[in-house]
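Residue numbers (my numbering), protein chains in the order written: chain U, 20 to 228; chain G, 17 to 265; chain H, 39 to 251.
Cβ atoms here follow ideal geometry from the backbone N, Cα and C, with glycine treated the same way.
The structure displayed is predicted, hence computed values, not measured ones.
One structure is given below, encoded as structure tokens.
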Amino acid sequence: MENGLLEVRALACVRGDRQLFSDLSFSLQAGALLHVHGPNGSGKTTLLRAIAGLVLQERGEILWNGTSSGKEKDAFNRELLYLGHHYGLKLELTGYENLKVFANLSGAEISEHEVEAALRRFGLAHCVELPVKVLSQGQKRRVALARLLLQSSKLWILDEPFVALDAAAVELLLEVIKTHVANGGMVILTTHQAVAVEVGSVQHLHLGQ
Amino acid sequence: MFNLFKFSSPASFYPLAGRLTTLFAIASVILLAVGLYMRFFVAPTDYKQGEGYRIMFIHVPAAWMSMFIYVVMACWAAAGMIWHTRLSSMMATSLAPTGAMFTFIALWTGALWGKPMWGAWWVWDARLTSELILLFLYVGFMALESAIDDPRRAARASGLLALVGVVNIPIIYYSVQWWNTLHQGSSIKVVKGGVEASMSEIMIWTLLVMTFACWFYTIAVALNRVRSIILERESDSMWVKALLQGAKS
Amino acid sequence: MRDLTLAMRHRSDVLTTVFFFIIVVSLFPLGVGPEAQLLKEMAAGVVWVAALLASMLSLTRLFADDYHDGTLEQLLLVPQPLSLIVLGKVLAHWIISGLPLVLMSPLLGLQFGLEGDALLMLMLTLLIGTPVLSLLGAIGAALTLGLRGGGVLVSLLVLPLYIPVLIFGAGAVTANAMGMGAEGHLSLMGAILLLALVLAPWASAAALRISVE
């Protein structure tokens, strides 16, 4: 497998009539984590969405392994796992079914056993068979996060992943992120919580200054 | 070599559009005056339809314009989609109201003309029906454009709609025509063809002058509108601020 | 497939669409009067217009749920062509909202005094035509995603595009009744269906990308 290298060059994004940021450049290598800081409305979410390819940037380019991520969309998407403010869970389906759907869509072959193991790891063993709508906010978030264990994506883009999680779950998520980075993965995340994200190499990016 | 792409940026296009607006506005007024004069005083009375046919000199150019403008609009929209140039989608946006206006004029004058000629304000003739559907397409375009708050999303979404519309126009047109022949018994035989065949040279000239007047009017109005759209959307950028400062002092 | 399971958990939605269809069709005789001959002539047109309205009614739901719970974002990021996913969703929409209309149509045709051959033709045209309605409607639904008054806007955008299908669909039944043969109409509808199958998912996918931004 290729090494994985994300480069952002002279990126500028606009929301409505407002220029959020311009001339933003950085690069992220395998085994590194990027922590994006900034006050509300400074464009953190937009930046993450632009990198994921959900928002079209005004100017600049985003390169994955040297080619534009927009041009090689399928190849880039295979390496990408994006978790935003919305969990993307179907309320009528059970946690198990939800994860199965994502796995099928991403083309990964995943056994029932693995799905159950992932849910158990996030402390959801007892609600495998319950529809997601009866779960609490934190439990829903955990179901969504269980995807991290199931897909072998290289680049994780996590927008406020610690929201609604209790202390134990925060610890667990940090653990999962650390393992990912240690195995040569890449993580881009934002958070307002005072969570000490300490892994191999942490880069910081401050928006809205 | 003359660099066309230089003018694809709003900042450099703005002053150019200003000059062109004046130019085309003057040209359109002159042509309109000449055309109206020819229309009322020079063109002879039609032997079959009397004086009433003179409304054709506004009806036919308006109908032509309504269709041309949609195609032009779709071209700008396509350009905007492919090259992501902001100016192209602004052009598409600024053309739509004028196109809808011409469609409306064509329908309205058509009704005025139809009353004495066919004895009815409205008949479900193929051309009339397609023109009406065209009006719906324009209205849909403008409604979508104004329903979306984010100007960039609005421009891209309505641009896509214009493209979908332009693919559909021929299909709609031919299906309506076919529908019309199927129901021919109920509609009145259209006599338009008769007029055009028997048109004298002076009538054709009048029609041409009027058509060009409409063209220049469209260009002038669209450019003027695009200027205000540019100002609105780029109100944050340096050059617009400088411009407004200059205007105040 | 996932959409179908979901739809099955919202079974009442399917019934709403079908009943809407039936009510609209039943309103026409009440408005026009019960003369059998007149109703017979109108039957195809009425059923078709009602089918148009009914399939449009359910359109706003096509992407709205996915949009609100964030599934749509995830679908955009899947390493598969988005137009294929859209095609799948449209197919599910058709099975839920189009197919029941096709199955109901003979019953409604009977109400209007249509007979054997004409009923069959009505069903056949709806069978070819309703997928086109779903396909074109998907474009409108994708464009108006998340907008205020999206439902009304969808009808404004989509109904003009439905016109050819309406003309050929109702026309085929009429032509058949007049003994002129409806092969021409049917093959044209087939052509429109093919065209829509190729172009509409692509256009809807582009519209979704714009709307999710």
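Query                                                                                                                            : Result
Neighbourhood of G201 of chain G by C-beta distance below 8 Å, restricted to the same chain and skipping five residues each side : Its pLDDT being 43, under 50, G201 of chain G is placed unreliably in this model, and the value from its coordinates should be taken loosely. Counting only Cβ-Cβ distances below 8 Å, and skipping sequence neighbours, we find nothing.
Which listed residue (H:L246, H:S249, H:V56 and H:A215) has its alpha carbon closest to that of G151 of chain H                  : H:A215
With 16 other Cβ atoms within 10 Å as the buried cut-off, status of T38 of chain G                                               : exposed
CB of F73 of chain G within 8 Å of CB of T234 of chain G, strictly                                                               : no
When G:G34, G:M117, G:R249 and G:R143 are compared against Q193 of chain G, the one with the closest alpha-carbon                : G:R143
A31 of chain U in three-state terms, based on DSSP                                                                               : strand
Host beta strand (DSSP E) of T209 of chain U (start-end)                                                                         : M205 to T209
Which of helix, strand or coil DSSP assigns to G79 of chain U                                                                    : strand
Option in H:G147, H:A88 and H:Q75 with minimal Cα separation from T55 of chain H                                                 : H:A88
Cβ-Cβ separation, L191 of chain H to L185 of chain H (assumed contact under 8 Å), whole Å                                        : 6 Å
Reduced DSSP secondary structure (H/G/I, E/B, other) of D141 of chain G                                                          : coil
Short CB-CB distance (under 8 Å) between A183 of chain U and chain H                                                             : no
Under 7 Å by beta carbon: chain H residues contacting D93 of chain U                                                             : P117
Beta-carbon gap between H54 of chain U and E111 of chain H smaller than 8 Å                                                      : no
Reduced DSSP secondary structure (H/G/I, E/B, other) of Y101 of chain U                                                          : strand
Separation of L194 of chain H from P138 of chain H, as counted between CA atoms                                                  : 24 Å
Assigned secondary structure, H100 of chain G (DSSP; H/G/I helix, E/B strand, else coil)                                         : coil
Nearest-angstrom Cα separation, counted from H75 of chain G out to P31 of chain G                                                : 34 Å
For T163 of chain H, three-class secondary structure by DSSP                                                                     : helix
Whole-Å CB distance - H56 of chain U paired with H223 of chain U, under 8 Å assumed                                              : 6 Å
Counterpart residues of W175 of chain U in DSSP-defined beta bridges                                                             : U:L100 and U:V206
The region 199–215 of chain H: positions lying closer than 8 Å to chain G by Cβ                                                  : L199, I201, P202, I205, F206, G209, T212 and A213
Straight-line Cα distance separating A122 of chain G from K131 of chain G                                                        : 14 Å
Where D42 of chain U falls: helix, strand or coil (DSSP)                                                                         : strand
S226 of chain U and L66 of chain U closer than 8 Å at C-beta                                                                     : For the sequence presented, residue 226 of chain U should be read as Leu rather than Ser. The answer is yes: Cβ separation under 8 Å.
Through-space distance from A49 of chain U to S220 of chain U, alpha-carbon basis                                                : 10 Å
Where T86 of chain U falls, given that 16 or more other Cβ within 10 Å makes a residue buried                                    : exposed
Residue closest to G115 of chain G, alpha-carbon to alpha-carbon, out of G:E248, G:R102, G:L151 and G:L47                        : G:L151
Rounded straight-line distance, which links the Cα of R169 of chain G to that of I52 of chain H                                  : Sequence inspection shows Val at residue 52 of chain H; the Ile mentioned does not correspond to that position. Computed Cα separation, rounded: 32 Å.
Chain-ordered residues of the region 113–134 of chain U with a beta carbon less than 9 Å from chain H                            : E116, V120, F121, N123, L124, S125 and G126
Check whether V147 of chain U and L154 of chain U have beta carbons under 8 Å apart                                              : no
Span separating the alpha-carbon of P119 of chain H from that of F95 of chain U                                                  : 13 Å
Closest by C-alpha distance to A1 of chain G, when choosing among G:P113, G:L111, G:S110 and G:T145                              : What is shown of chain G runs 17 to 265, which leaves residue 1 of chain G out entirely.
For V221 of chain U, three-class secondary structure by DSSP                                                                     : strand
DSSP three-state assignment for V116 of chain H, whether helix, strand or coil                                                   : coil
Nearest to F45 of chain U (by Cα), restricted to the options U:P58, U:A183, U:G62 and U:A29                                      : U:A29
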